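Q: Which chain is which? The protein sequence lines are A and B, in order.
Residues 1 to 114 in the working numbering are what the first sequence spells out, letter by letter.
Residues 115 to 228 in the working numbering are what the second sequence spells out, letter by letter.
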Amino acid sequence: AQSVAQPEDQVNVAEGNPLTVKCTYSVSGNPYLFWYVQYPNRGLQFLLKYITGDNLVKGSYGFEAEFNKSQTSFHLKKPSALVSNSALYFCAVRWMDSSYKLIFGSGTRLLVRP
Amino acid sequence: DSGVTQTPKHLITATGQRVTLRCSPRSGDLSVYWYQQSLDQGLQFLIQYYNGEERAKGNILERFSAQQFPDLHSELNLSSLELGDSALYFCASSVATNTGAEQYFGPGTRLTVT
Numbered sequence: 001a002q003s004v005a006q007p008e009d010q011v012n013v014a015e016g017n018p019l020t021v022k023c024t025y026s027v028s029g030n031p032y033l034f035w036y037v038q039y040p041n042r043g044l045q046f047l048l049k050y051i052t053g054d055n056l057v058k059g060s061y062g063f064e065a066e067f068n069k070s071q072t073s074f075h076l077k078k079p080s081a082l083v084s085n086s087a088l089y090f091c092a093v094r095w096m097d098s099s100y101k102l103i104f105g106s107g108t109r110l111l112v113r114p
Numbered sequence: 115d116s117g118v119t120q121t122p123k124h125l126i127t128a129t130g131q132r133v134t135l136r137c138s139p140r141s142g143d144l145s146v147y148w149y150q151q152s153l154d155q156g157l158q159f160l161i162q163y164y165n166g167e168e169r170a171k172g173n174i175l176e177r178f179s180a181q182q183f184p185d186l187h188s189e190l191n192l193s194s195l196e197l198g199d200s201a202l203y204f205c206a207s208s209v210a211t212n213t214g215a216e217q218y219f220g221p222g223t224r225l226t227v228t
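#1: Kindly list the residues whose CB is nearer than 8 Å to the CB of Arg97 (chain B), restricted to its own chain and excluding five residues on each side of it in sequence; keep chain order.
#2: For Cys23 (chain A), list the residues DSSP reports as bridge partners.
#3: Please compile the residues from chain B whose C-beta is within a distance smaller than 7 Å of the C-beta of Ser106 (chain A).
#4: Would you list the one or two residues that DSSP bridges to His75 (chain A)?
#5: What's the gap between the Cα of Asn173 (chain B) and the Cα of Lys101 (chain A)?
#6: With DSSP run on the structure shown, which of helix, strand or coil describes Gly56 (chain A)?
#7: Which value, in whole angstroms, describes the spacing of the CA atoms of Ser200 (chain B) and Ser152 (chain B)?
#8: Does any residue of chain A have a CB that is nearer than 7 Å to the CB of Gly117 (chain B)?
#9: Excluding the five sequence neighbours on either side, which residues of its own chain have a C-beta within less than 7 Å of the C-beta of Leu82 (chain A), listed in chain order?
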């Protein structure tokens, strides 16, 4: 069965430092992987996705993610964190059937301290 | 702004009642998805419609139903409401003609059942 896991409930990082939010997945075939961010009282915003091609995917707001097939991971990264990046981050995998539904991880809360 | 609109923004109702949540997808998007976000269950896929037809079902209760109309807007009907139905309900849309298409989320409807 397809699934996605975010092993950390919360990640704390100082402003200006690099950040990593971890995601691992379990899916048959070639995965389609996504990252979304949710700010308080807001809907989810699409950040980036991996479909095929280059393992390093660049997305919105300076975020990037590295697809690693051997480790079945899709970690979200940013070289220099901002306080405004503090939010809830969700990794998602596309269900590999005729629908396009997403299966979401449990979310990781990122706190960037000044 | 994702282009997906949801009404109402907030809804407070009593147990046993019935409510209808409305969603208008982004212009050109044929597929609509409904998700429920609660503290204990996380983000759960409920149901998907594509161009008026049901495409996939997730963890949707029998008391819940949805439909997509010819103008592509969608409604999620929740009946015989229970306290545990209190949650944030999101609608998302995608083109769904591209298997790698990302979903765009609306701002959500916060349902409180008292």
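Every residue, glycine too, gets a C-beta built ideally from N, C-alpha and C.
Just so it is clear, the structure is predicted and the values come from calculations on it, not from any experiment.
A: Answer, in terms of the structure:
#1: Residue coverage of chain B in this structure runs from 115 to 228, which leaves residue 97 (chain B) outside it and unanswerable.
#2: DSSP output for Cys23 (chain A) lists no bridge partner at all.
#3: Gly156
#4: A:Glu66
#5: 12 Å
#6: Per the sequence shown, residue 56 (chain A) should be read as Leu rather than Gly. Correct three-state label for Leu56 (chain A): strand.
#7: 8 Å
#8: no
#9: Glu15, Val112
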